[in-house]
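Since the structure comes first, as structure tokens, the remarks are kept for the end.
Residue numbers (this note's numbering): 17 to 521.
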């Protein structure tokens, strides 16, 4: 039953903000809290259910949830042993690179020059009838001669005449470019340009302006889906955004998923699917963290960051030892905010002692039986959605953002929108074309094929938070994508209902 309907039926008087607090809970929990508040208000001869009364009730329920979480973990502290399968892992992880800076202007110069060099190499192989030239040479060429130039986008705007203007800058010079409003497709492309991205532009130079006739992105090439050359079904499970330690962490559903990986109570096809999962790839926000945003402490069940990771470790150690687990951090984890982020420090994950746990940076490229997987938590997504009209509904369709990142071959394009380390090498460039692009952050499951790259957002294991309610976001918790690298089939297992939700090939 709807919470508001219950309030009306029972003729309850609520202080402003009470209904909003209760709406952040699961429906059953919200009604339980409301009935308890009604009972306590009656005992205390209160005519209005106040915020303080509801907060006291919710705090008590949070303590109960914390006790439940710890109880589960303590029952299963012994690491799970490997199942007898005879399976040989084929996981390749690149050595971790260090991305640091000294804090000087030269750091930024080197960083953006490196970005230009990497993305320019990709653009040079794109076919064109126009000769590729530098901005300086284009300015000195015969008037209206066709050419292709490339550089970094800056200072874009719509002109007084309704055309779209942007500057393109290379290492030596800058060119003002104009896309005419008469070409609707081209005009839309120009509008969708992001500051600091590297593109190539076809057109001609005349009267101090480069008239744009085409915009070319680094993009990934079109290619067939890559399958692994293996003789048995081998599957990868994708996870992210568990937020262990949060009062919104969906403990029972997460336990159900762990039992599935262990084959508990499974028969037939479900048992076969469980046994075929040989890899679990986790894209950040394993714990909720501490001090990530103002008033976060009120949302926490476990308020110590070390205890959060201890609890996480007790959960994950129940995963069978023959399953390789690859873990990268997110913006809630105990690493710096600025990307690229290093792998989780040993002091937080010292309890993850099994050989099947592998900690990698964010972003990372890992290879499983020849299938290249780009792991990125996705913190840059928020700024991209906020700045682009084209991505206005991307919180419900996060695959749209992933497509744009692949098209630009960069994971955090505009400097200043998301914290970046201005190191000599730009570690956010997508140098290698991935077969799978796995990200999280927005708590919404998504799947899409883009030019042979399978995009997967693995959703969350956290219920709808206060912030998401205010923003109108609708997460899709407890849906685990499982990909068969031999057949290319993708299944999404719903641990809310204990049933398979999607079968995709």
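We put the CB at the ideal spot given by N, CA and C, even for glycine.
Range covered by the alpha helix (DSSP H) that runs through residue i
i, result
"residue 492", "Careful: residue 492 lies outside any alpha helix (DSSP H) and carries neither H nor E."
"residue 258", "Note, residue 258: premise wrong, no alpha helix (DSSP H); not H, not E."
"residue 321", "321-332"
"residue 192", "Note, residue 192: premise wrong, no alpha helix (DSSP H); beta strand (DSSP E) at 190-195."
"residue 23", "19-25"
"residue 7", "The structure shown does not extend to residue 7, since the chain is modelled only from 17 through 521, so no value can be given for it."
Opposing strand residues paired with residue i [DSSP bridges]
i, result
"residue 499", "252 and 506"
"residue 465", "470"
"residue 445", "426"
"residue 478", "265"
"residue 135", "Note: residue 135 sits in no beta bridge, so no partner."
"residue 355", "436"
"residue 316", "262"
"residue 335", "Bridge partners of residue 335: none, in fact."
Under the three-state DSSP convention, the category residue i falls into
i, result
"residue 151", "helix"
"residue 61", "coil"
"residue 455", "strand"
"residue 129", "helix"
"residue 183", "strand"
"residue 302", "coil"
"residue 205", "helix"
"residue 104", "coil"
"residue 50", "helix"
"residue 28", "coil"
"residue 73", "helix"
"residue 91", "With a pLDDT of 49 at residue 91, under the threshold of 50, the modelled position of this residue cannot be trusted, and the question is left open."
Residue i: first and last residue of the uninterrupted beta strand (DSSP E) it sits in
i, result
"residue 14", "This structure does not reach residue 14, given that the chain is present from 17 up to 521, and the question cannot be answered."
"residue 221", "214-222"
"residue 167", "162-174"
"residue 511", "Looking at the DSSP string, residue 511 is not in any beta strand (DSSP E), and its letter there is neither H nor E."
"residue 344", "340-344"
"residue 107", "107-109"
Contact test: residue i Cβ vs the ligand FAD heavy atom, cutoff 7 Å
i, result
"residue 413", "The ligand FAD is not part of this structure, which contains no ligands at all."
Residues near residue i in its chain [Cβ-Cβ closer than 7 Å; skip 5 each side]
i, result
"residue 427", "379, 392, 396, 421, 444 and 446"
"residue 349", "300, 301, 302, 303, 305 and 360"
"residue 466", "419 and 422"
"residue 91", "Confidence at residue 91 is low in this model, with a pLDDT of 49, below 50, so the placement of that residue should be treated as unreliable; the coordinate-derived value is given next. Around residue 91: no qualifying Cβ."
"residue 33", "67"
"residue 326", "367"
Contacts around residue i, its chain only, beta-carbon distance under 6 Å, and the 5 residues preceding and following it disregarded
i, result
"residue 415", "462, 464 and 471"
"residue 489", "411"
"residue 37", "70"
"residue 159", "222"
"residue 450", "388, 390 and 469"
"residue 210", "429 and 430"
"residue 154", "163, 165 and 221"
"residue 270", "477"
Residues of its chain near residue i, where Cβ-Cβ distance is below 8 Å and the 5 sequence neighbours each way are ignored
i, result
"residue 157", "149, 163 and 221"
"residue 26", "54"
"residue 240", "468"
"residue 409", "416"
"residue 485", "36, 39 and 40"
"residue 186", "132, 150, 151, 165, 166, 167 and 168"
Any C-beta of chain C under 8 Å from that of residue i
i, result
"residue 39", "As a matter of chain content, chain C is missing from the structure shown, which is built from one protein chain."
Practice task
Could you pull out every unbroken alpha helix (DSSP H) segment of at least 4 residues lying fully inside the stretch 365-441, listed in chain order?
Solution key: 397-403 and 415-424
Residue ranges of each beta strand (DSSP E) within the stretch 227-297, 3 or longer: 251-255
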